[in-house]
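Visitor:
Protein chains in written order, with our numbering: chain A, 1 to 162; chain B, 1001 to 1248.
Structure representation (structure tokens):
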């Protein structure tokens, strides 16, 4: 269990380290983006049985990547995209997508429908996971901004009165 | 002058893959920190900014032809706009800084190619391949990286580009699987094709939609969908050709 987990940890680390090299993310962030992808893959993997994640595991992974990237964006003062884009790479349903195409080529339409729906569900799970996290973070931030704004207005008014 | 500078910052952000609502936010922030009232409208293929000055209204409209991904430039422009908000530097300084950002090329071509190879290596192992698969996927990925770099120099049509990439990925992997023993073609193909997942378009589309920018959000999601369709078309055609040739 542990050596297997270590293997997947390293592989998913590389799997989001390499895309951040392709997308020219700043060098000081490279290790952090790799860590995000590794966490997003390995924590859901612990609760499953096989190396390929199910749809709900993919959703959980996307949630983890989303939370991680929002926190890191705050810590390193960069856009959250720099962490979330490489982070979702290990979650992408590559095998299902390939099998869809292969079954279409071999004229096995029923299999193609099966794998195709599998692919689409996983892709939407990633999108909804990221969406959910960033909308929660944005709501909190907007509330905070609004409160700061009101505080500022109040102090200005008090200054004027004085 | 301020308007031109703000538009240039916005163009860099849009060209290198930022969300559109952030582009609008950045332009508004730059203009308002120099005391100008402005209104901006950005979609993934264009940008319109109006500034209300004492001499009337000035508008700049820019069309964006090509888009690539370079998140470092996005981050640097973002940091620059926050600095402008705080310190209000001289406009000339900002323009030279923007020039620097536009010219910067942080990773050498060798390391980009290495990135492609490494990604293919990691994904073919992750999808259950053995060492032989991973090493040959590394080679195929590196060759595709060279192909990608040679493409990005001239502005060809993006869809033809993706089609050629997926087509040649399948052919390359099949050839490599004939050369190297003990390999599994389909794991190699998946590993190599993982390079072309439209991650930026997907994430930015979702985030734009969430912000209420329906036009750009749906455009980006549509772009991601088109890329995936073209990739699978290229893969499918190459697979059936290979099978037609009786080599599989």
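Quick reminder that beta carbons are idealized off the backbone N, C-alpha and C, glycines included.
1) Anything in chain A within Cβ reach of residue 1078 (chain B), meaning under 8 angstroms, just list it in chain order.
2) Would you mind reading off the limits of the beta strand (DSSP E) that contains residue 1203 (chain B)?
3) In terms of residue numbering, what span does the beta strand (DSSP E) encompassing residue 1063 (chain B) cover?
4) Does any CB atom of chain D fall closer than 8 angstroms to the CB of residue 12 (chain A)?
5) Which bits of chain B does residue 104 (chain A) rub up against, with CB to CB less than 7 angstroms?
6) Decide if the region 31 to 44 of chain A is in contact with the region 1084 to 1097 of chain B; the criterion is three or more beta carbon pairs, one per stretch, under 8 angstroms apart.
7) Looking at the structure shown, is residue 1039 (chain B) part of a helix, part of a strand, or coil, going by DSSP?
8) Return the residues of the region 1105 to 1127 of chain B that lie within a Cβ-Cβ distance of less than 9 angstroms from chain A, sorted by chain order.
9) Use the C-beta contact count for residue 140 (chain A): other C-beta atoms within 10 angstroms, 16 or more gives buried, fewer gives exposed.
10) Please compile the residues from chain A whose C-beta is within a distance smaller than 9 angstroms of the C-beta of residue 1186 (chain B).
11) Pick from A:124, A:35, A:148 and A:144: whose alpha carbon is nearest that of residue 1224 (chain B)?
12) What does the alpha-carbon distance come out to for the pair residue 1048 (chain B) and residue 61 (chain A)?
13) Compute the Euclidean distance between the alpha carbons of residue 88 (chain A) and residue 1194 (chain B), then round it to the nearest angstrom.
14) Going by C-alpha to C-alpha distance, which of B:1219, B:1117, B:1244 and B:1239 sits closest to residue 1043 (chain B)?
15) From the DSSP secondary-structure annotation, give me the bridge partner or partners of residue 1050 (chain B).
16) Closer than 7 angstroms by beta-carbon distance: list the chain B residues that pair up with residue 130 (chain A), in chain order.
17) Can you check whether the C-beta of residue 3 (chain A) is within less than 8 angstroms of a C-beta belonging to chain B?
18) Would you verify that the beta carbon of residue 146 (chain A) is, or is not, closer than 8 angstroms to some beta carbon of chain B?
19) Just the Cα atoms here: how many angstroms apart are residue 143 (chain A) and residue 1100 (chain B)?
20) If you follow the alpha helix (DSSP H) that residue 60 (chain A) is in, where does it begin and where does it stop?
21) Can you grab the Cα-Cα spacing for the pair residue 34 (chain A) / residue 17 (chain A), in whole Å?
22) Determine the burial state of residue 21 (chain A): buried for a count of at least 16 other Cβ atoms within 10 Å of its Cβ, exposed for fewer.
23) Strictly below 7 angstroms CB to CB, what residues from chain A border residue 1190 (chain B)?
24) With three or more beta-carbon pairs closer than 8 angstroms as the criterion, would you say the region 1142 to 1149 of chain B touches the region 1197 to 1212 of chain B?
25) For chain A, check one thing: does any of its Cβ atoms lie closer than 8 angstroms to the Cβ of residue 1213 (chain B)?
26) Which one of B:1070, B:1086, B:1085 and B:1084 has the shortest CA to CA distance from residue 79 (chain A)?
27) Output yes or no for whether 8 angstroms exceeds the beta carbon distance between residue 13 (chain A) and residue 48 (chain A).
28) Taking the beta carbon of residue 19 (chain A) as the centre, do at least 16 other beta carbons fall within 10 Å, making it buried, or is it exposed?
29) Shortest alpha-carbon distance to residue 1236 (chain B) belongs to which of A:81, A:90 and A:99?
30) Which residue marks the beginning of the alpha helix (DSSP H) containing residue 44 (chain A), and which one marks its end?
31) Whole angstroms is fine: what's the gap from residue 1217 (chain B)'s alpha carbon to residue 117 (chain A)'s?
32) May I ask whether a heavy atom of the ligand COA can be found less than 7 angstroms away from the beta carbon of residue 141 (chain A)?
33) Could you check whether the region 89 to 98 of chain A touches the region 1023 to 1032 of chain B, counting it as contact only if at least three pairs of C-beta atoms, one from each stretch, sit closer than 8 angstroms?
34) Given that a residue counts as buried once 16 or more other Cβ atoms are within 10 Å of its Cβ, and exposed if not, what is residue 1116 (chain B)?
35) Given residue 1208 (chain B), which residues of its chain have a CB within under 7 angstroms of its CB, disregarding the five upstream and five downstream residues?
Guide: In this structure, then:
1) Those within 8 angstroms of residue 1078 (chain B) in chain A are 78 and 79.
2) For residue 1203 (chain B), there is no enclosing beta strand (DSSP E); the residue is found in the alpha helix (DSSP H) stretching over 1199 to 1210.
3) Run containing residue 1063 (chain B): 1056 to 1063, per the beta strand (DSSP E) assignment.
4) As a matter of chain content, chain D is missing from the structure shown, whose protein chains are A and B.
5) By Cβ distance, chain B contributes 1236.
6) In short, these stretches do not touch, since the Cβ pair count stays below three.
7) If DSSP states are grouped into helix, strand and coil, residue 1039 (chain B) belongs with the strands.
8) Only those residues of the region 1105 to 1127 of chain B whose C-beta falls short of 9 angstroms from the nearest C-beta of chain A are listed: 1105, 1106, 1107, 1111, 1112, 1114, 1115, 1116, 1117, 1118, 1119, 1120, 1121, 1122, 1123, 1125, 1126 and 1127.
9) Counting Cβ neighbours within 10 Å, residue 140 (chain A) comes out exposed, since fewer than 16 surround it.
10) Per Cβ cutoff of 9 angstroms: 95, 98, 99 and 102.
11) In terms of Cα proximity to residue 1224 (chain B), the closest of A:124, A:35, A:148 and A:144 is A:124.
12) Cα to Cα, the separation comes out at about 38 angstroms.
13) Answer to the nearest angstrom: the Cα atoms are 11 angstroms apart.
14) Measuring from the Cα of residue 1043 (chain B), the nearest candidate turns out to be B:1219.
15) The partner list for residue 1050 (chain B) (beta bridge, DSSP) reads B:1039 and B:1059.
16) Correct list: 1203 and 1206.
17) Residue contact check for residue 3 (chain A) against chain B: no CB pair falls below 8 angstroms.
18) So, not an interface residue.
19) Those two C-alpha atoms are separated by around 37 angstroms.
20) Taken as a continuous stretch (DSSP letters only), the alpha helix (DSSP H) holding residue 60 (chain A) covers 55 to 76.
21) CA-to-CA, the gap between residue 34 (chain A) and residue 17 (chain A) works out to about 4 angstroms.
22) The residue in question, residue 21 (chain A), is buried, as its Cβ has 16 or more Cβ neighbours within 10 Å.
23) Annotation: Cβ neighbours of residue 1190 (chain B) in chain A (cutoff 7 angstroms, chain order): 94, 95 and 98.
24) The region 1142 to 1149 of chain B is not in contact with the region 1197 to 1212 of chain B.
25) Chain A has no Cβ within less than 8 angstroms of the Cβ of residue 1213 (chain B).
26) When only C-alpha atoms are compared, the closest one is B:1070.
27) Their beta carbons are not under 8 angstroms apart, which means residue 13 (chain A) does not touch residue 48 (chain A) by this criterion.
28) Its Cβ being crowded by 16 or more others within 10 Å, residue 19 (chain A) is buried.
29) Comparing Cα-Cα distances from residue 1236 (chain B) to each of A:81, A:90 and A:99, the minimum goes to A:99.
30) For residue 44 (chain A), the uninterrupted alpha helix (DSSP H) segment begins and ends at 30 to 46.
31) Straight-line Cα distance between these residues: approximately 23 angstroms.
32) With respect to the ligand COA, the structure offers nothing, as it holds no ligand at all.
33) Between the region 89 to 98 of chain A and the region 1023 to 1032 of chain B, the count of C-beta pairs closer than 8 angstroms stays below three; the two stretches do not touch.
34) Counting Cβ neighbours within 10 Å, residue 1116 (chain B) comes out buried, since at least 16 surround it.
35) Closer than 7 angstroms at Cβ, skipping near neighbours: 1019, 1020, 1021, 1216, 1217 and 1220.
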